[in-house]
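Visitor: One structure coming up, written as structure tokens, with questions to follow.
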Amino acid sequence: MAFEGLTQRLQDTMAKLRRKPKVTEADLNETMRDIRLALLEADVNFKVVKDFVKQVRTRAAGAEVLKGLNPAQQIVKIVNEELTKMMGEEAVDLNKSEKIPTIIMMAGLQGAGKTTTAGKLALKLKNDQNARPMFIAADIYRPAAIDQLEQVAESIDVPVFQLGTDVDPVEIVRQGLEQARDQHNDYVIIDTAGRLQIDEKLMDELANIKKLADPDEILLVVDAMTGQNAVETAQGFNDKLDITGVVLTKLDGDTRGGAALSIRAVTGKPIKFVGQGEKMDDLDVFHPDRMASRILG
Ligand code: GDP
Numbered sequence: 001m002a003f004e005g006l007t008q009r010l011q012d013t014m015a016k017l018r019r020k021p022k023v024t025e026a027d028l029n030e031t032m033r034d035i036r037l038a039l040l041e042a043d044v045n046f047k048v049v050k051d052f053v054k055q056v057r058t059r060a061a062g063a064e065v066l067k068g069l070n071p072a073q074q075i076v077k078i079v080n081e082e083l084t085k086m087m088g089e090e091a092v093d094l095n096k097s098e099k100i101p102t103i104i105m106m107a108g109l110q111g112a113g114k115t116t117t118a119g120k121l122a123l124k125l126k127n128d129q130n131a132r133p134m135f136i137a138a139d140i141y142r143p144a145a146i147d148q149l150e151q152v153a154e155s156i157d158v159p160v161f162q163l164g165t166d167v168d169p170v171e172i173v174r175q176g177l178e179q180a181r182d183q184h185n186d187y188v189i190i191d192t193a194g195r196l197q198i199d200e201k202l203m204d205e206l207a208n209i210k211k212l213a214d215p216d217e218i219l220l221v222v223d224a225m226t227g228q229n230a231v232e233t234a235q236g237f238n239d240k241l242d243i244t245g246v247v248l249t250k251l252d253g254d255t256r257g258g259a260a261l262s263i264r265a266v267t268g269k270p271i272k273f274v275g276q277g278e279k280m281d282d283l284d285v286f287h288p289d290r291m292a293s294r295i296l297g
């Protein structure tokens with residue numbers, strides 16, 4: 001379960017505060033120190049933690065909070081609101097094109113869950129909007145990647161456009177989009193190549209695909225379990241590709257939660273979905289407010 005440690009630490013901090021008959025400046029300082037450590041232990045980005053604590057401290061130091069009734073409860077409320085803000089405030093919808101097809105480009109490092117997420121997303125579009133999505137297989141570097149996409153696609157009954165591994169990915173995308181237009185698919189999901197780390201060749205190829213396809217949505221898929229590495233990856237991809245959103249996968253296996261809490265604040269780009277399992281229906285819209293409440297337990 002995500003955020004286990006953080007939830008426990010924050011609950012302990014707040015319980016300690018509630019036991020005080022009166023909350024003093026010193027108590028507030030101690031609380032802020034505890035929250036800071038709890039967030040750092042959850043692997044939240046250092047600068048994000050610093051800004052967060054400063055903001056909570058400023059709001060909590062307002063005379064009303066310390067002098068009013070239930071200061072502890074008010075501090076919990078402030079922490080909840082600031083956590084929500086840090087994660088982006090509101091759920092952000094997928095971008096949709098005025099005319100079909102809406103083009104979604106998936107990007108991410110190998111193993112992050114890109115292909116699985118492409119499948120989950122297609123199924124969601126089918127279920128929620130009765131959509132007719134099509135995949136384009138643009139990862140030509142691993143033959144297994146195309147097979148995997150074919151398998152995922154078959155399980156949810158979505159067509160795949162592919163030209164094997166010998167054609168340039170940009171050309172594959174060009175022909176795939178042509179076919180999608182001919183066949184009136186309303187969504188095209190492009191599965192691109194991933195690598196073990198960000199490199200120039202990968203980024204150039206993705207930039208070229210972006211240039212040709214002019215996607216409505218560039219979704220970066222990152223693995224929540226990699227914590228601050230996921231945040232760095234998001235920053236790297238965003239610098240090069242100007243992504244439109246993030247899908248955070250494997251939240252079901254992430255006990256700390258640092259990536260979920262940092263990505264929006266560091267990159268300015270919203271987490272649109274979270275993956276919470278390996279099955280095709282394990283994809284959820286990311287709601288910052290619900291996540292904040294879940295963290296506070
Ligand atoms: P790609 O290389 O980025 O295309 O990654 P894959 O889609 O092949 O996923 C890599 C592994 O992560 C697979 O075993 C997936 O089943 C698994 N995976 C993907 N998303 C999730 C998730 O949200 N939760 C869990 N537990 N596993 C996931």
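Take the sequence shown: its position 242, counted from the start at 1, is 242 in UniProt numbering, and no numbers get skipped. We put the CB at the ideal spot given by N, CA and C, even for glycine.
#1: With a threshold of 7 angstroms (Cβ to nearest heavy atom), would G5 be considered close to the ligand GDP?
#2: Within the stretch 250–277, note down every full beta strand (DSSP E) run reaching 3 residues or more, in order along the chain.
#3: Specify the secondary structure class of V53 as computed by DSSP and reduced to three states.
#4: Among residues of its own chain, excluding the 5 on either side of A265, which ones have a beta-carbon nearer than 6 angstroms to its beta-carbon?
#5: Once DSSP output is grouped into helix, strand and coil, what is the label at P169?
#6: Going by the beta-carbon positions, is the gap between A230 and D223 smaller than 8 angstroms?
#7: For F161, write down the residues that DSSP places opposite it in a beta bridge.
#8: Should the stretch 76–92 be called in touch with the stretch 191–204, which here means at least 3 C-beta pairs below 8 angstroms?
#9: Leaving out the 5 sequence neighbours to the left and right, which residues in its chain are closer than 7 angstroms to M14 when beta-carbon positions are compared?
#10: Taking Cβ positions, are L163 and K210 nearer each other than 8 angstroms?
#11: Could you check whether the stretch 212–222 touches the stretch 92–111, counting it as contact only if at least three pairs of C-beta atoms, one from each stretch, sit closer than 8 angstroms?
#12: Which residues in the same chain as A180 place their Cβ atom closer than 6 angstroms to its Cβ, once the five residues preceding and following it in sequence are excluded?
#13: Could you check if E278 is buried or exposed, using at least 16 other CB atoms within 10 Å of its CB as the buried criterion?
#14: Just the Cα atoms here: how many angstroms apart are L220 and A61?
#15: In the DSSP assignment, the beta strand (DSSP E) including E217 goes from what residue to what residue?
#16: Any heavy atom of the ligand GDP within a distance shorter than 7 angstroms of the CB on Q162?
#17: With a 10 Å radius around its C-beta and 16 neighbouring C-beta atoms as the bar for buried, classify F46 as buried or exposed.
Guide: Result, derived from the coordinates:
#1: On the sequence shown, position 5 is the one that residue 5 refers to. Checking the Cβ of G5 against the ligand GDP gives no.
#2: Listed in chain order, the complete beta strand (DSSP E) runs (minimum 3 residues) inside the stretch 250–277 are 271–275.
#3: Here residue 53 refers to the residue found at position 53 when the sequence shown is read from its first residue. In the structure shown, V53 sits in a helix (DSSP, three-state: H, G or I).
#4: Counted from its first residue, the sequence shown places residue 265 at position 265. Close CB contacts of A265 within its chain, under the 6 angstroms cut and outside five residues either way in sequence, are with V48 and M86 (chain order).
#5: Position 169 of the sequence shown, counted from the start, is the residue given in the question as residue 169. Of the three classes helix, strand and coil, the one that applies to P169 here is helix, per DSSP.
#6: One-based indexing of the sequence shown puts residue 230 at position 230. One-based indexing of the sequence shown puts residue 223 at position 223. Yes, the pair counts as a contact, with Cβ atoms nearer than the cut-off.
#7: What you label residue 161 is simply residue 161 of the sequence shown in a count that begins at 1. Its beta-bridge partners are I136.
#8: By the Cβ criterion, the stretch 76–92 is not in contact with the stretch 191–204, since fewer than three pairs of Cβ atoms, one from each stretch, lie closer than 8 angstroms.
#9: Here residue 14 corresponds to residue number 14 of the sequence shown, with the count starting at 1. Counting only Cβ-Cβ distances below 7 angstroms, and skipping sequence neighbours, we find A72 and V76.
#10: Here residue 163 corresponds to residue number 163 of the sequence shown, with the count starting at 1. Here residue 210 corresponds to residue number 210 of the sequence shown, with the count starting at 1. Not in contact: L163 and K210 (Cβ atoms no closer than 8 angstroms).
#11: Taking one beta carbon from each stretch, the stretch 212–222 and the stretch 92–111 have 3 or more pairs nearer than 8 angstroms; the two touch.
#12: Here residue 180 corresponds to residue number 180 of the sequence shown, with the count starting at 1. If you ignore the 5 residues before and after A180, its C-beta comes within less than 6 angstroms of the C-beta of P101, M134 and V188, all in its own chain and listed in chain order.
#13: By 1-based counting over the sequence shown, the position of residue 278 is 278. E278 is exposed by the Cβ-count criterion.
#14: Stepping through the sequence shown from its first residue, residue 220 is reached at position 220. Stepping through the sequence shown from its first residue, residue 61 is reached at position 61. Whole-angstrom Cα-Cα distance: 38 angstroms.
#15: In the sequence shown, the residue the question calls residue 217 occupies position 217. First-last of the beta strand (DSSP E) with E217: E217 to D223.
#16: Taking the first residue of the sequence shown as 1, we reach residue 162 at position 162. Incorrect: Q162 has no Cβ contact closer than 7 angstroms to the ligand GDP.
#17: Counting from 1 along the sequence shown, the entry for residue 46 is found at position 46. F46 should be labelled exposed.
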